[in-house]
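> Questions regarding the structure given below will be posed in turn.
Protein chains in written order, with the working numbering: chain H, 2 to 399; chain U, 33 to 404.
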């Protein structure tokens with residue numbers, strides 16, 4: 002088919018030349034593939050229908066509307082055993098998104114720290130970062146999750162002997178307990194202030210860029226933005242008279258009450274996922290920074306830029322171009338890896354839907370199909386973003 | 033008049049000042065060059081102190097090395113219970129494979145090591161022959177040896193395979209099956225025929241888009257539904273099918289990278305000497321492309337080896353699965369058993385994966401001709 006050589010295949014009559022015509026061959030190949038796939042799907046489908054009828058398993062998506070009858074330990078939306086399977090699916094999906102979001106934030110922060118630490122001139126720090134990456138990257142994630150869950154969190158003391166981290170943060174066998182901020186009346190001003198600050202920052206950045214393009218005069222956008230983002234909400238709170246109180250976790254009887262309680266399964270999963278993914282992100286960050294050639298730094302120095310400015314204006318923008326595509330890939334990996342939750346009993350999509358719901362209804366086809374579709378949609382959305390980003394950021398060459 | 037003193041030999045060079053060479057200077061340059069650096073060093077020392085010291089204490093100093101049951105590993109200040117690993121070592125390596133037949137597994141391990149060494153060490157000749165051996169002859173031979181039931185070998189059901197054996201079988205079969213599939217898919221993805229291209233892209237993106245655990249669920253729960261009556265696959269084979277499909281999608285992307293790295297002149301040259309598509313691929317393009325992606329193949333082998341631990345979720349006992357299962361043994365139930373088991377399993381995985389990643393780095397440097 003790659004031999005697209007129409008000139009060499011002259012229209013001499015006879016079966017032989019037809020056989021060697023790349024277009025005819027291509028057509029035959031593709032027809033054969035279609036026939037094969039259709040045959041395969043058809044036989045699989047007919048077998049499945051036959052087997053389902055024999056085993057008396059219902060088919061179709063009607064089960065999503067029936068009562069689930071089981072409880073889920075962590076739910077972001079209202080859920081009870083009388084809710085439907087469809088609602089259980091949503092609860093599981095939200096739990097997946099929650100742990101993925103927390104994991105992505107933690108992994109990115111830690112990954113950037115470790116990646117930069119590997120390039121540190123401090124010998125000891127660089128070695129520790131290298132050791133971290135090489136150890137964590139080469140041990141299966143599942144093993145790490147099981148270790149954090151069974152060997153660490155499940156071996157912690159009970160609530161009465163909790164580990165106390167100060168600031169009202171406690172860790173025990175029941176999970177991690179944090180203070181919960183409670184916004185009293187008048188804190189609507191706080192939300193408004195945040196929105197106003199964000200809008201103001203965007204407007205300011207645009208104005209500063211336009212002014213710099215026109216006149217060359219710079220404006221300290223970064224520090225002004227930080228001041229506005231922190232200051233405006235604080236002002237809002239101050240005007241309202243600080244209506245925020247903290248609901249502290251307290252030991253009452255045999256368990257803590259008040260505050261935010263994070264289940265040990267969630268803590269183990271978020272911890273394991275972020276530690277594991279951080280080691281990959283660290284390598285991406287190191288590679289990205291190394292990919293900016295030394296000549297760029299030297300040229301920036303020759304132009305008279307100082308260290309911090311060189312980093313901010315020359316090195317980081319070029320490194321980010323290399324870093325972001327594999328970084329989004331790692332975010333996607335983390336989201337997919339969160340499905341290992343099933344091994345430690347965190348109620349994520351796979352654990353709730355492809356686990357409990359599948360076992361209760363027996364409708365393997367539909368359940369697995371929906372589960373795969375969700376992950377597939379997530380990954381297609383990510384790769385769409387990546388393509389868009391690559392197009393936007395692609396080097397414009399001469 | 034005579035000159036009182038003339039130096040006839042050059043003076044001996046003085047040693048450089050201690051502030052620019054030697055351990056003190058090294059310390060000053062690398063650890064204490066600035067205030068920020070000093071703080072970093074202190075943080076690093078604190079980190080080492082709080083992680084390495086307890087780890088060494090747990091794994092070596094306080095560890096229990098011998099003992100027959102849990103009694104040995106009970107106590108307030110007991111570290112790792114290596115006696116547990118020692119007692120269960122056979123299970124960890126062979127699963128519940130019959131003790132008298134374990135030589136067969138040993139033989140397979142030996143063949144694997146020899147074959148991989150022949151492939152991996154660049155100086156050993158006959159690369160093509162040994163690659164063929166490892167990709168075709170070795171899997172068939174190992175299957176006959178492990179399963180038995182012919183040539184006078186006792187039949188050992190796959191349900192009795194376990195531990196490191198299952199880990200290696202699943203990852204090796206995954207990689208061997210994914211090579212030809214991956215080559216076909218990669219060629220398909222670069223093909224000019226629209227239907228073949230669409231099919232390849234859809235197949236690759238489908239498997240790459242879903243987590244392995246759903247693929248394993250699919251192959252263990254859904255696959256039996258697709259089979260006609262009377263045909264049934266055992267659990268291991270079902271897992272193998274899932275793993276092979278999954279890894280072939282990743283392999284296809286690795287090989288596509290190699291194909292893209294081949295300059296266009298190679299394709300045009302092959303066409304100019306009159307080679308057809310398959311001849312061109314077989315004789316010119318693939319040998320170069322596959323050689324280029326050796327590091328990528330090793331890397332996917334590493335991630336596959338780590339991913340095989342997931343088969344424990346569908347009820348197969350690979351290395352991690354069998355370690356995990358032995359925690360429930362009442363004979364060895366102590367507070368430190370699980371940590372010891374995880375340390376051991378983690379160490380085995382780490383040694384395998386780390387050595388392979390070093391090898392892949394070495395190959396990368398060897399194949400990289402840009403610096404010469």
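Glycine included, every Cβ here is placed at the ideal spot set by N, Cα and C.
Can you name the residues of chain U whose CB is closer than 8 Å to the CB of residue 81 of chain H?
Neighbours of residue 81 of chain H on chain U: none; closest Cβ ~27 Å, over 8 Å.
> Any Cβ of chain U within less than 8 Å of the Cβ of residue 382 of chain H?
Residue 382 of chain H does not count as touching chain U.
> Apart from the five residues on each side of it in sequence, which residues of its chain come closer than 8 Å, Cβ to Cβ, to residue 51 of chain U?
57 and 60
> Can you list, in chain order, the residues of its chain whose CB lies under 7 Å from that of residue 140 of chain U, leaving out five sequence neighbours each side?
174, 177 and 178
> Taking C-beta to C-beta, are residue 287 of chain U and residue 325 of chain U nearer than 8 Å?
yes
> Under a CB-based cut-off of 8 Å, is residue 30 of chain H close to chain U?
Interface criterion met: the Cβ of residue 30 of chain H is under 8 Å from a Cβ in chain U.
> With DSSP run on the structure shown, which of helix, strand or coil describes residue 261 of chain H?
strand
> Using a Cβ-Cβ distance under 8 Å, would residue 337 of chain H count as near chain U?
yes
> Does the beta-carbon of residue 305 of chain H have 16 or more other beta-carbons within 10 angstroms, so that it is buried, or is it exposed?
Classification of residue 305 of chain H: exposed, given that the 10 Å Cβ count is below 16.
> In the DSSP assignment, find the unbroken beta strand (DSSP E) run with residue 177 of chain H in it and report its ends.
176–179
> For chain U, is any of its Cβ atoms less than 8 Å away from the one on residue 388 of chain H?
Answer no: the Cβ-Cβ gap between residue 388 of chain H and chain U never drops below 8 Å.
> So what's residue 11 of chain H in DSSP terms, helix, strand or just coil?
Residue placement at residue 11 of chain H is poorly supported in this model, since its pLDDT is 48, which falls under 50; the coordinates still yield a value, given next. Coil, per DSSP.
> Would you say residue 19 of chain H faces chain U, with C-beta separation under 8 Å as the test?
no
> From the beta carbon of residue 395 of chain U, is the nearest beta carbon of chain H less than 8 Å away?
no
> Just to confirm my understanding: we take residue 341 of chain H, look at its own chain, exclude 5 residues before and 5 after, and list those with CB closer than 7 Å. What are they?
142, 143 and 146
> So what's residue 193 of chain U in DSSP terms, helix, strand or just coil?
strand
> Which of the three DSSP states, helix, strand or coil, is assigned to residue 155 of chain U?
coil
> Between which two residues does the alpha helix (DSSP H) containing residue 282 of chain U stretch?
267–293
> Apply the 10 Å Cβ neighbour rule to residue 181 of chain U and answer buried if 16 or more other Cβ atoms are within range, or exposed otherwise.
Exposed, by the Cβ-count rule.
> Determine the burial state of residue 239 of chain U: buried for a count of at least 16 other Cβ atoms within 10 Å of its Cβ, exposed for fewer.
buried
> If you measure between the beta carbons of residue 279 of chain H and residue 112 of chain H, is that distance less than 8 Å?
For the 8 Å CB-CB criterion, residue 279 of chain H and residue 112 of chain H form a contact.
> Starting from residue 75 of chain U, trace the alpha helix (DSSP H) both ways and give me its first and last residue.
If you look at residue 75 of chain U, you'll find it in the alpha helix (DSSP H) that goes 67–88.
> Residue 191 of chain U: which of U:382, U:357, U:305 and U:348 sits nearest, CA to CA?
Minimum Cα distance to residue 191 of chain U is reached at U:348.
> By the criterion of Cβ-Cβ separation under 9 Å, what are the contact partners of residue 435 of chain U in chain H?
Any question about residue 435 of chain U goes unanswered here, given that chain U covers just 33 to 404.
> Would residue 27 of chain H count as contacting chain U if we go by Cβ distances under 8 Å?
yes
> Enumerate in chain order the residues of its own chain whose CB-to-CB distance from residue 4 of chain H is below 6 Å, with the five nearest sequence positions on each side excluded.
Any answer about residue 4 of chain H is weak, because its pLDDT of 48 lies below 50 and its placement is not dependable; what the coordinates show is given next. These residues qualify, in order along the chain: 23.
> Which value, in whole angstroms, describes the spacing of the CA atoms of residue 90 of chain U and residue 284 of chain H?
30 Å
> State the beta-bridge partners of residue 245 of chain H as determined by DSSP.
H:184
> Helix, strand or coil for residue 347 of chain H? Go by DSSP, reduced to three states.
coil
> Taking a contact to mean a Cβ-Cβ separation below 8 Å, would you say residue 321 of chain U touches residue 351 of chain U in this structure?
no
> Mapping DSSP to helix, strand and coil, what is residue 323 of chain U?
helix
> Check residue 127 of chain U in the structure and name its three-state DSSP category.
strand
> What residues from chain U crowd round residue 52 of chain H, counting only those whose CB sits closer than 9 Å?
256, 257, 258, 259, 260 and 261
> Going straight from the alpha carbon of residue 327 of chain U to that of residue 367 of chain U, what length do you get?
Cα to Cα, residue 327 of chain U sits roughly 41 Å from residue 367 of chain U.
> Report yes or no: is there a C-beta of chain H within less than 8 Å of the C-beta of residue 49 of chain U?
no
> Could you give the DSSP three-state label for residue 100 of chain U: helix, strand or coil?
coil
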